[in-house]
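**Q** In my numbering, the protein residues as written are -17 to 105.
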């Protein structure tokens, strides 16, 4: 399977090279290129097309890299937040439950018939 994959890759790159060679030879017409600030005189058309294709691919790659890095930073931030929340849940699960005898004064005040007794006691 690996040999077949290598043969197919070699055939693909040879076909790509042949296509590029034929494109460059058939588009050897010289053109003047105006870039807004400067002018390039008598550049081969095949070279102009190849360079503009490469520049577009590089710009698209830079934009995709920016998006990828931003997404990775967000994933990292969310992973840290999830770990923090899991730690908090673990700590909350490990809090011992108190018996009725050890609830303390605040809980005994809440049990009284006077619901405002706790608020009066704390203020």
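Glycine included, C-beta positions come from ideal geometry on N, C-alpha and C. Only a predicted model underlies this, so the values are computations on that prediction, with no experimental measurement involved.
Using beta-carbon positions only, say whether residue -3 and residue 12 come within less than 7 Å of one another.
**A** No, the pair does not count as a contact, with Cβ atoms beyond the cut-off.
**Q** Assuming residue 10 and residue 26 are in contact, meaning their beta carbons sit under 8 Å apart, how far apart are those beta carbons, in whole angstroms?
**A** Going by Cβ atoms, the distance from residue 10 to residue 26 rounds to 5 Å, so yes, they are a contact pair.
**Q** Rounded to the nearest angstrom, how far is the Cβ of residue 36 from that of residue 5, given a contact under 8 Å?
**A** About 14 Å; that fails the 8 Å criterion.
**Q** Taking Cβ positions, are residue 30 and residue 15 nearer each other than 7 Å?
**A** Closer than 7 Å, so yes.
**Q** Give me the residue from -15, -17, 51, 32 with the minimum Cα distance to residue 2.
**A** Minimum Cα distance to residue 2 is reached at 32.
**Q** What does DSSP give as the partner residue(s) for residue 53 in the beta ladder?
**A** Answer is none; residue 53 lacks a bridge partner.
**Q** Can you look up residue 69 in the DSSP assignment and give me helix, strand or coil?
**A** Reduced to three states, the DSSP call for residue 69 is helix.
**Q** May I have a chain-ordered list of the alpha helix (DSSP H) segments no shorter than 4 residues that lie completely inside the segment 15 to 42?
**A** None, since the segment 15 to 42 contains no complete alpha helix (DSSP H) of that length.
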